[in-house]
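One line per chain: the protein sequences are R and S, in this order. Mind the numbering: the first sequence is residues 93 to 209 in the numbering used here, read in order. Mind the numbering: the second sequence is residues 142 to 252 in the numbering used here, read in order. C-beta atoms are modelled at their ideal positions from N, C-alpha and C, and glycine is treated no differently. Remember, it's a predicted structure, so these values are computed and weren't measured experimentally.
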Amino acid sequence: EAQVTQNPRYLITVTGKKLTVTCSQNMNHEYMSWYRQDPGLGLRQIYYSMNVEVTDKGDVPEGYKVSRKEKRNFPLILESPSPNQTSLYFCASSLAPRDTFHYNEQFFGPGTRLTVL
Amino acid sequence: ILNVEQSPQSLHVQEGDSTNFTCSFPSSNFYALHWYRWETAKSPEALFVMTLNGDEKKKGRISATLNTKEGYSYLYIKGSQPEDSATYLCASHIYGQNFVFGPGTRLSVLP
């Protein structure tokens with residue numbers, strides 16, 4: 093089944109304790125992206141990647157890191173989480189042949205609800 | 142950061158009513174406009190990707206139109222059903238920037 097998976101789905105942690113949220117897709121998509129969803133705001137893009145070893149900042153990258161060592165995986169790393177990073181996080185992927193990602197629908201993972209105390 | 146706005150913020154309709162809502166986006170350097178449907182406790186799912194001015198797309202009872210010159214898109218639902226209850230998100234991609242999502246329109250269809 094074609095899908096985007098995220099782990100963990102739920103996480104409660106404390107300020108300063110490094111964590112990684114994994115994202116994996118089995119559709120051979122070039123483009124992958126991380127978003128956060130906060131009440132009253134739309135999905136805001138954190139980082140995106142057009143292909144392996146290519147990553148770029150989105151609109152809210154502060155406090156996050158990503159890597160794209162393999163096409164299928166795009167982990168989100170919080171080196172020192174803070175309470176303002178409590179949010180619902182979505183990973184998404186889409187086809188992007190010749191950088192046409194904006195013309196292709198994005199497929200979203202199930203979401204990770206993170207609480208930082 | 143460009144602004145994508147959606148209205149109304151929320152909407153309650155009776156089963157069988159038809160409804161529509163709006164997505165507004167900056168019209169310069171436009172690339173594409175995406176509509177997504179997001180049911181509670183699920184992930185957003187794509188409805189339409191629209192790129193051309195005057196584009197009109199349809200999927201069952203749901204359709205969308207696009208005006209890139211004035212920067213708006215309408216989503217229409219004909220004969221709303223309770224299973225249409227969801228938040229409808231639009232996202233715009235402008236040249237040189239990232240995808241920007243609107244805050245969504247939350248639709249509740251009452252049986």
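By Cβ distance, which residues of its chain are closer than 7 Å to residue i, with the 5 residues on each side in sequence left out?
i: P149/S; result: F162 and T246
i: G220/S; result: G157, S159 and R202
i: N143/R; result: E122
i: S179/R; result: R128, Q129, D130 and L206
What does residue i touch in chain R if you count any residue whose Cβ is under 7 Å from its own?
i: G195/S; result: Per Cβ cutoff of 7 Å: no residues; G195/S is ~17 Å from chain R at best.
i: G245/S; result: G134
i: P185/S; result: F200
i: H234/S; result: H194
i: Y172/S; result: H194
Which chain S residues are close to residue i, counting only those with a beta carbon under 8 Å from its beta carbon?
i: N196/R; result: V190
Identify the continuous beta strand (DSSP E) that holds residue i and give its terminal residues.
i: H153/S; result: S151 to Q155
i: A205/S; result: I203 to N208
i: N143/R; result: R136 to N143
i: T192/R; result: Segment: none, T192/R is in no beta strand (DSSP E) and carries neither H nor E.
i: Q129/R; result: Y123 to Q129
i: A187/S; result: E186 to M191
i: S235/R; result: What the structure shows of chain R is the stretch from 93 to 209, and residue 235/R is not part of that stretch, so it cannot be assessed.
i: Q117/R; result: L111 to Q117
i: S249/S; result: T246 to L251
i: T181/S; result: From DSSP, T181/S is part of no beta strand (DSSP E); its letter is neither H nor E.
i: R205/R; result: T204 to V208
i: K149/R; result: V146 to K149
i: Y229/S; result: A227 to I235
i: Y215/S; result: Y213 to I218
i: F162/S; result: T160 to S165
What do you get for residue i, buried or exposed, if any count of 16 or more other CB atoms within 10 angstroms of its CB means buried?
i: E122/R; result: buried
i: H234/S; result: buried
i: T160/S; result: buried
i: Q155/S; result: exposed
i: M119/R; result: exposed
i: V241/S; result: buried
i: D130/R; result: exposed
i: D225/S; result: buried
i: L216/S; result: buried
i: Q198/R; result: buried
i: P173/R; result: buried
Whose Cβ in chain R lies nearer than 8 Å to the Cβ of residue i?
i: L230/S; result: G134 and L135
i: H175/S; result: E197 and Q198
Which residues in the same chain as residue i place their Cβ atom closer than 8 Å to its Cβ, once the five residues preceding and following it in sequence are excluded?
i: S169/S; result: I235
i: P185/S; result: Y177, R178, W179 and L230
i: K161/R; result: V144 and E145
Can you pull the chain S residues whose beta carbon is under 7 Å from the beta carbon of residue i, in chain order?
i: G203/R; result: S184
In its own chain, which residues sit with a C-beta less than 6 Å from the C-beta of residue i, not counting the 5 before and 5 after it?
i: E93/R; result: none
i: W126/R; result: I138, Y139, L168 and C183
i: T206/S; result: E197 and Y215
i: F200/R; result: F182 and A184
i: M124/R; result: S141, F166 and S185
i: L187/R; result: H121 and N196
If the cut is a Cβ gap below 9 Å, which residues of chain R does residue i touch?
i: V145/S; result: G134
Comparing the CB of residue i with every heavy atom of the ligand SAM, is any distance shorter than 6 Å?
i: S214/S; result: In terms of ligand content, the structure shown is empty, and the ligand SAM therefore cannot be addressed.
Checklist entry - Taking Cβ-Cβ distances below 7 Å as the criterion, which residues of the segment 138-172 of chain R are in contact with chain S? => result Y140, G150 and D151
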